[in-house]
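Numbering (this note's numbering), first residue to last: -3 to 157. Yeah, the Cβ is synthetic: ideal placement off N, Cα and C, and Gly gets one too. Following: one structure in structure tokens, then a few remarks.
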């Protein structure tokens, strides 16, 4: 059931987000022995780096996927994984190996195809991926996952990524 939650400030958002994540993670781990979370970048990174250290979970069962990674080296300012690596990994007991990352040495198409193969390890091959939790931010212009309003890519129908 859809639910809209409004918090008075960023502290409230972080607290409520951590509560929701903790419940979803622990339920998924109990049911499937793994928690698959899809993430965007932007302001979400700060919310997670502030909130996740407070939760109780089996961190070894977590796998992190990216919804809007750019094909740049991980030390580049535009790398979503790079921002998570810098701001989150040292705050909770996880390793870089738990992040399903792109290969930035590939072209965009090669990186996308390679990522599909990496995802196939965690998702059934005969259906679209179903994350246990998908957290997406929204930019001031209404974009999410690097999908911008009015952009021609929103009309793409021939590719699954």
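Where residue i sits in the DSSP three-state scheme
i	result
residue 32	strand
residue 43	helix
residue 91	coil
residue 62	strand
residue 76	helix
residue 82	helix
Nearest-angstrom Cβ-Cβ length linking residue i and residue j, presumed shorter than 8 Å
i	j	result
residue 45	residue 84	5 Å
residue 14	residue 48	6 Å
Reference residue i; option with closest CA among the options
i	options	result
residue 77	120, 98, 146 and 102	98
residue 89	33, 75 and 58	58
residue 93	142, 154 and 56	56
residue 42	91, 71 and 87	87
residue 17	33, 62 and 111	33
residue 60	144, 37 and 101	37
residue 35	23, 64 and 20	64
residue 131	8, 107 and 21	21
Exposure of residue i, with buried meaning 16 or more beta-carbon neighbours within 10 Å
i	result
residue 66	buried
residue 0	exposed
residue 28	exposed
residue 118	exposed
residue 103	exposed
residue 75	buried
residue 79	buried
residue 128	buried
residue 2	exposed
residue 24	buried
Quiz item: What runs of the beta strand (DSSP E), each 3 residues or longer, lie entirely inside the segment 98 to 141?
Solution: 129 to 131
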